[in-house]
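Q: Pasting a structure here, questions to come.
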Amino acid sequence: MIQLHDLFFKKFISETEINLAVNGVAVQINDDYKKKSPVFLIVLNGAFFFASDIIKKFDGNCEMCFIKVASYEGTQSSGEISTVMGVEPSLKGRDVIIVEDIVDTGNTIEAIIEILRQEEVKSYRIASLFYKPKAYTKDQKIDYVGLEIENDFIVGYGLDYNGLGRNLNDIYKLKQLKMKNIVLFGPPGAGKGTQAEVLKEKYQLVHISTGDVFRYNIKNETELGILAKSFMDNGDLVPDEVTIDMLKAEVVKNKGAKGFIFDGFPRTNSQAKALDMFLSDMGEGINGMVALEVPEDLLVARLLKRGETSGRPDDQDESKIRNRFNEYETKTAILKDYYEAQEKYYGVDGVGSIEEITERLCVVFDTF
Ligand code: AMP
745 MIQLHDLFFK KFISETEINL AVNGVAVQIN DDYKKKSPVF LIVLNGAFFF ASDIIKKFDG
805 NCEMCFIKVA SYEGTQSSGE ISTVMGVEPS LKGRDVIIVE DIVDTGNTIE AIIEILRQEE
865 VKSYRIASLF YKPKAYTKDQ KIDYVGLEIE NDFIVGYGLD YNGLGRNLND IYKLKQLKMK
925 NIVLFGPPGA GKGTQAEVLK EKYQLVHIST GDVFRYNIKN ETELGILAKS FMDNGDLVPD
985 EVTIDMLKAE VVKNKGAKGF IFDGFPRTNS QAKALDMFLS DMGEGINGMV ALEVPEDLLV
1045 ARLLKRGETS GRPDDQDESK IRNRFNEYET KTAILKDYYE AQEKYYGVDG VGSIEEITER
1105 LCVVFDTF
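In our numbering, the protein residues as written are 745 to 1112.
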């Protein structure tokens, strides 16, 4: 398994199978075109390995020309095609073989064919190393196909994910994360714990609240509890090393879980990085940070009210509550940027009834 940016890919088609497929296409094109002096129109960037390998096997005279259009955004075909580099010189009256790495929805091919029509070419055919019949939405026949594949996102042999992976000699396909791992985020009193209780049932996930684990340890007077107590009672954060080790132990304890709702973790940048590394070692990752957004005044009122019954020392005194907000503002709130940079931040309005807020959260959870 390999990692490119934030995603994992597993080996799918070997170099040997690719070579066989490439040879198959090369032989057919050679037979059909060796007396015709065709122009190979190579679609950049992905098709450059494929084009190179088939053109090297071409016996007759031929020319090459390049075109660059953009259609992919991340792992989804966006449908919007823009020409980044057009054909030069003119292809008027020529027999053209379009060389593509992969035909997916067909939007790119359709846009290129339109360009060739305007160029008034004599004839055109399409050669593509990979073809996804289930994704293809056009009528235009793909004349030479190396391999048909399912609707998977693949990289290697020229194909990339946001720029990476082109140099791989085998083809890899996107590994769907097995787990649903969600960071439930928000300031103290935002309702994370309350919502997590409902969501863990609905989505069959394990809820890990670092605050609850600490409180359990304090109650049972464990070594960890004794260490954490002074920090917690004052509303300070417990040191990262302690918290990170504890979190990892909780995840390991629940091997086989369908996924986790992390509540109260991560709370610092180094905790977020440690969590990403830990999950990536397991071939997993965070699907998203879902943040409950609530104004501070409402939060203080909620926490003081909870303090009347929760027995939590950090809920009963306004100065401790303010300190927890201060910790949140200075160390934790920046995690929004951390997950936003990975396009994984989802803000949800946390004001309303419990049921209303659950509904809003479910809309986001359902997308994971
Ligand atoms: P909570 O129940 O999430 O409000 O957490 C209560 C307290 O537990 C916090 O004020 C911290 O003292 C401690 N705590 C919980 N989670 C963490 C964490 N991820 N990092 C450091 N301290 C934490």
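Idealized CB from N, CA, C, for every residue including glycine.
#1: With DSSP as the reference, identify every bridge partner of leucine 751, one or two as the case may be.
#2: Along the chain, where does the alpha helix (DSSP H) containing alanine 1077 start, and where does it finish?
#3: Would you check whether ligand 1 has a heavy atom nearer than 7 Å to the C-beta of serine 974?
#4: So is the beta-carbon of phenylalanine 929 under 7 Å away from any non-hydrogen atom of ligand 1?
#5: For the alpha helix (DSSP H) that contains leucine 1105, what are its first and last residues?
#6: Give me the Cα-Cα distance between glutamate 1040 and serine 1097, rounded to the nearest whole angstrom.
#7: Can you tell me which of the three DSSP states valine 865 falls into?
#8: Thinking C-alpha only, which one of His951, Gly933, Ala934 and Pro932 is nearest glutamate 941?
#9: Does the Cβ of phenylalanine 1069 lie closer than 7 Å to at least one heavy atom of ligand 1?
#10: On the three-state DSSP scale, how would you describe asparagine 1031?
#11: Hey, is glutamine 1060 close to ligand 1, as in C-beta under 7 Å from one of its heavy atoms?
#12: Could you tell me if the beta carbon of threonine 987 falls within a distance shorter than 7 Å of some heavy atom in ligand 1?
#13: Leaving out the 5 sequence neighbours to the left and right, which residues in its chain are closer than 6 Å to lysine 778 when beta-carbon positions are compared?
#14: Flag this pair as yes or no: are the beta carbons of glycine 790 and glycine 902 separated by less than 8 Å?
#15: May I ask whether a heavy atom of ligand 1 can be found less than 7 Å away from the beta carbon of serine 1054?
#16: Which ranges does the beta strand (DSSP E) cover as unbroken runs of at least 3 residues, wholly within the segment 879 to 910, from first to last along the chain?
#17: Just confirm the distance between the C-beta atoms of valine 783 and leucine 835, as a whole number of angstroms; I'd bet it's less than 8 Å.
A: Taking the structure as given:
#1: Your numbering for residue 751 matches position 7 in the sequence shown. Answer by DSSP bridge pairing, in chain order: Leu748.
#2: Taking the first residue of the sequence shown as 1, we reach residue 1077 at position 333. Alanine 1077 -> no alpha helix (DSSP H), and no H or E assigned at all.
#3: In the sequence shown, counting from the first residue as 1, residue 974 sits at position 230. Outside the cutoff, so no.
#4: To locate residue 929, count along the sequence shown from 1; it is residue 185. Phenylalanine 929 Cβ: outside cutoff for every heavy atom of ligand 1.
#5: Translated into the one-based positions of the sequence shown, residue 1105 becomes position 361. From DSSP, the alpha helix (DSSP H) with leucine 1105 extends over 1098 to 1109.
#6: For the purposes of this step, residue 1040 is identified with residue 296 of the sequence shown, where counting begins at 1. For the purposes of this step, residue 1097 is identified with residue 353 of the sequence shown, where counting begins at 1. Cα-Cα distance, rounded: 17 Å.
#7: Locating residue 865 in the sequence shown gives position 121, counting from the first residue. Residue state, collapsed to three classes: coil.
#8: The count along the sequence shown starts at 1 and reaches residue 941 at position 197. That would be His951, whose Cα lies nearest to the Cα of glutamate 941.
#9: For the purposes of this step, residue 1069 is taken as the residue at position 325 of the sequence shown. No, the beta carbon of phenylalanine 1069 sits no closer than 7 Å to any heavy atom of ligand 1.
#10: Position 287 of the sequence shown holds residue 1031. Note: asparagine 1031 maps to coil in three-state DSSP.
#11: Start at 1 with the first residue of the sequence shown, and residue 1060 comes out as number 316. No, since every heavy atom of ligand 1 falls outside the 7 Å radius drawn around the Cβ of glutamine 1060.
#12: Position 243 of the sequence shown, counted from the first residue, corresponds to residue 987. The answer is yes for threonine 987.
#13: Taking the sequence shown and counting its residues from 1, the one referred to as residue 778 is at position 34. Within the same chain, lysine 778 has close Cβ partners Asp803 and Gly804.
#14: By 1-based counting over the sequence shown, the position of residue 790 is 46. By 1-based counting over the sequence shown, the position of residue 902 is 158. Closer than 8 Å, so yes.
#15: Position 310 of the sequence shown, counting from 1, holds the residue named residue 1054. Incorrect: serine 1054 has no Cβ contact closer than 7 Å to ligand 1.
#16: 888 to 892
#17: The sequence position of residue 783 within the sequence shown is 39, counting from 1. The sequence position of residue 835 within the sequence shown is 91, counting from 1. Going by Cβ atoms, the distance from valine 783 to leucine 835 rounds to 6 Å, so yes, they are a contact pair.
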